[in-house]
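Undergrad:
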Amino acid sequence: MLFHLTDRITGYEPGRSIRARKVTSRSEPYWRETPDGPVMPAPLILETLCQAGAWLVMLDTDVRRRAALLSVSDARFLGTVRPGDVLDVIAGVESVSEERAVMSGVVEVAGRTVLEATDVMCALIDSAELDDPATTRRQLAALREAGR
Amino acid sequence: MTTPLLDEPRVMDLAVAATASGLDTVVSLRPGVAAVATKNFPATTAIFATHFPRFPVVPGVLLLDDLARLAALVLAGDGGPDRWRLAAVTRIRFRHFVRPGDVAELSVEVRSDGDGSTLRGEVRVDGKPVTTVGSLVMRDTTSGAVA
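Protein chains in written order, with this note's numbering: chain A, 1 to 148; chain B, 149 to 295.
Written out as structure tokens, the structure is:
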């Protein structure tokens, strides 16, 4: 699986918040069988929030910095995500320094909250260490273009 | 065949348990108490292509998922682990990266101060803690009150 859990950036307030969308499909490989039918593993719901936060950092730093997950104080998985659900991911900055950012946020499906996460701390690292910045810029442009 | 001295709870075969939970080996499993398992991350792991192209590391949330699946095994008893889902996590710390070729040793233990379905978890590589989780709160999806 490609570990790209952001499909569109639907809102951005510089230095403050980001809103993103992840569409799910039965054709994706991660569904977990339960007595109640297939559901998205809860940690992947958390990852949609982390990746939205990472794009927020990249937007704020003109793709110089990227976020790597250091810690999460608290995450509550309040509902299930099923094939075909569309995730509305909203992440906000609690605090930020040169080296670290702390974010909190929610993930909703059709207005129903499926995740609440508090104090997600990320290290802000040189984005060129992780991927070719030109590739990252193209991805970012596509995510924003699609969101218009 | 030996006859057990005590009427021990039925223990799921460890190989069956590993298959049921998507882990590579289950080293030990004490129902309702604790478990230890391993998971290998070979360089062929597909996710390394995008996470990240210049610096492949295991996404931390996937380690969390492995711990949750191991926790479900501990709680499963005679029922299937797939009825347990992760309801909440607190105090997750990612201390070191897990890289291609690493063998992750996963351990979970039911917290004595919880209601019996809250576990602490740890991932080690070469004996060194790489990820720690203060609480994995698990919920039985067949006991009602499911969102």
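Beta carbons are placed, not taken as given, at the ideal position from N, Cα and C, and that holds for glycine.
So is threonine 61 of chain A buried or exposed if we call it buried at 16+ other beta carbons inside 10 Å?
TA: Here threonine 61 of chain A is exposed, its C-beta having fewer than 16 other C-beta atoms within 10 Å.
Undergrad: Measuring straight from C-alpha to C-alpha, what distance separates alanine 101 of chain A and aspartate 161 of chain B?
TA: Those two C-alpha atoms are separated by around 44 Å.
Undergrad: What residue range is occupied by the uninterrupted alpha helix (DSSP H) comprising proline 248 of chain B?
TA: Taken as a continuous stretch (DSSP letters only), proline 248 of chain B belongs to no alpha helix (DSSP H), as it is neither H nor E.
Undergrad: Answer yes or no: does any C-beta atom of chain B fall closer than 7 Å to that of aspartate 85 of chain A?
TA: Output row for aspartate 85 of chain A: interface = no.
Undergrad: Tell me which same chain residues have a C-beta within less than 7 Å of the C-beta of glycine 282 of chain B, skipping the five on either side of it?
TA: Thr238, Arg239 and Arg268
Undergrad: Along the alpha helix (DSSP H) that carries arginine 259 of chain B, what are the first and last residues, could you check?
TA: Run containing arginine 259 of chain B: none; DSSP gives neither H nor E here.
Undergrad: Return helix, strand or coil for valine 271 of chain B, following the three-state DSSP convention.
TA: strand
Undergrad: Which of the residues in the segment 232-245 of chain B, read from start to end, lie with their CB under 7 Å from any CB of chain A?
TA: Arg233, Leu234, Ala235, Ala236, Val237, Thr238, Arg239, Ile240, Arg241 and Phe242
Undergrad: So the alpha helix (DSSP H) proline 43 of chain A belongs to, where does it begin and stop?
TA: 42-60
Undergrad: Taking Cβ positions only, does alanine 42 of chain A come closer than 7 Å to chain B?
TA: yes
Undergrad: Using the Cβ count rule (16 or more neighbours within 10 Å means buried), how would you classify glutamate 253 of chain B?
TA: buried
Undergrad: Locate the alpha helix (DSSP H) running through arginine 217 of chain B, then write down its first and last residues.
TA: 208-224
Undergrad: For methionine 286 of chain B, tell me which candidate among A/Ala75, A/His4 and A/Arg21 has the shortest Cα-Cα distance.
TA: A/Ala75
Undergrad: In terms of residue numbering, what span does the alpha helix (DSSP H) encompassing threonine 167 of chain B cover?
TA: 162-169
Undergrad: Alpha carbon to alpha carbon, how far is arginine 8 of chain A from threonine 136 of chain A?
TA: 14 Å
Undergrad: Return the chain-ordered list of same chain residues with a C-beta closer than 7 Å to the C-beta of glycine 92 of chain A, the five sequence neighbours on each side being excluded.
TA: Arg16, Ser17, Met103, Ser104 and Gly105
Undergrad: Which value, in whole angstroms, describes the spacing of the CA atoms of leucine 5 of chain A and valine 96 of chain A?
TA: 23 Å
Undergrad: Report yes or no: is there a C-beta of chain A within less than 7 Å of the C-beta of arginine 202 of chain B?
TA: yes
Undergrad: Just the chain A side, please: which residues come within less than 7 Å of aspartate 288 of chain B by C-beta, in chain order?
TA: Those do not exist, as aspartate 288 of chain B stays about 10 Å from chain A at its closest Cβ, beyond 7 Å.
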